[in-house]
């Protein structure tokens, strides 16, 4: 295998692991808000790793430009979709589970 | 004017990268559709400093690098917690201050919160953002305000 | 490694589908559908390389667009339905 193929294989392996971890979180976490965080792993670093791995296989062709476009599109729309989802869930009156202790780091409030 | 030029340039790059056929006919179709999209964009009044934030171009790469470092660190953290299971998380739900003066600053801040796994912006207000965090530590580091400060730094 | 990635993505999509079946809320199902959609984009791209047909990337790009618009459209619909429900309840 050429060095480029090895780099690509490593990146694909990392991406597969991240995507799998996201799915594990999606199944194991207790409520919809925490599951959204698990989905976030796959949306950001998982997709970045897999698409980067493919980019190393593609070389300097138009395929590379298309991969970059897919990556940018996923990175730009991912946060918007999850914000819309979170907001819709919150508006419908779905209360998130919290760990029930005092709010964290109150010193942060009103920081100038 | 410079916003029109920028949107035309971006659309041309997208067309050329996606097409792969450089015959006169197809390039002609490209010119026609780009002109149409720019015209519709003007009619919708969306070709401005918000859709084409040119004034941020110089500062964005540095911020992206810092954000990427953050994303990788929090990804590793969330992956670990996903494998350990529900006992490893301590969800928080609070408002955090957002000191950005412009709408686009708040949008960048809320999107950065969303892009970082472990924190999710649920509702964006005038000067606050309602955030759900997977862990206590995530909320504490968000409230320490470094990301807030950096996004404010972009606006100046 | 492309084969391994393809199989992993298929397993992940099956897990997302099971979350969509279990629910329990409608938002869990939409979240699962969104995850399923992004994984489909990645799967199409990887399979394109696996079979040596990078033209599949065009389909992946279109699928990414459809997925995003589908999810946001669905959520808007649910928001409007909620508002509708609330306003009729207030009217009584």
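Residue numbers (this note's numbering), protein chains in the order written: chain A, 1054 to 1165; chain B, 145 to 300; chain C, 1136 to 1227. Virtual Cβ for every residue (Gly too), placed ideally from N, Cα, C. Note that the coordinates shown come from a computational prediction; the quantities given were computed from them, not determined experimentally.
Using a Cβ distance threshold of 8 Å, residue 1145(C) and residue 1065(A) do not count as a contacting pair. Segment contact: the stretch 1103 to 1116 of chain A against the stretch 236 to 246 of chain B, fewer than three CB-CB distances shorter than 8 Å; contact not assigned. When the Cα atoms are used, residue 188(B) and residue 179(B) turn out to be separated by approximately 14 Å. The straight-line gap separating the alpha-carbon atoms of residue 198(B) and residue 211(B) is approximately 19 Å. Of the other Cβ atoms in all chains shown, 16 or more fall within 10 Å of the Cβ of residue 1087(A); this residue is therefore buried.
By the neighbour-count criterion, in which a residue is buried when 16 or more other Cβ atoms sit within 10 angstroms of its Cβ, residue 1055(A) is exposed.
Residues of chain A with a Cβ closer than 8 Å to the Cβ of residue 262(B) are, in chain order, 1090 and 1093. Around the beta-carbon of residue 1131(A), 16 or more other beta-carbon atoms lie within 10 Å, marking it buried. The beta-carbon of residue 177(B) is placed no less than 8 Å from the nearest beta-carbon of chain A. Beyond the five residues adjoining it in sequence on each side, residue 1091(A) comes within less than 7 Å, by CB distance, of 1075, 1078, 1079 and 1082 in the same chain, given in chain order. At a Cβ-Cβ threshold of 8 Å, residue 1073(A) and residue 1139(C) do not count as neighbours. When the alpha-carbon of residue 177(B) is set against those of 270(B), 291(B), 158(B) and 164(B), the nearest one is in 158(B). Along the length of the stretch 156 to 220 of chain B, whole alpha helix (DSSP H) runs at least 4 residues long occupy 168 to 187, reported in chain order. At a cut-off of 8 Å between beta-carbon atoms, residue 1109(A) makes no contact with chain C. Neighbourhood of residue 1122(A) in chain B, by CB distance below 8 Å: 158, 161 and 162, in chain order.
The C-beta of residue 1082(A) comes closer than 8 Å to at least one C-beta of chain B. For residue 1171(C), the uninterrupted alpha helix (DSSP H) run begins and ends at 1161 to 1185, by DSSP.
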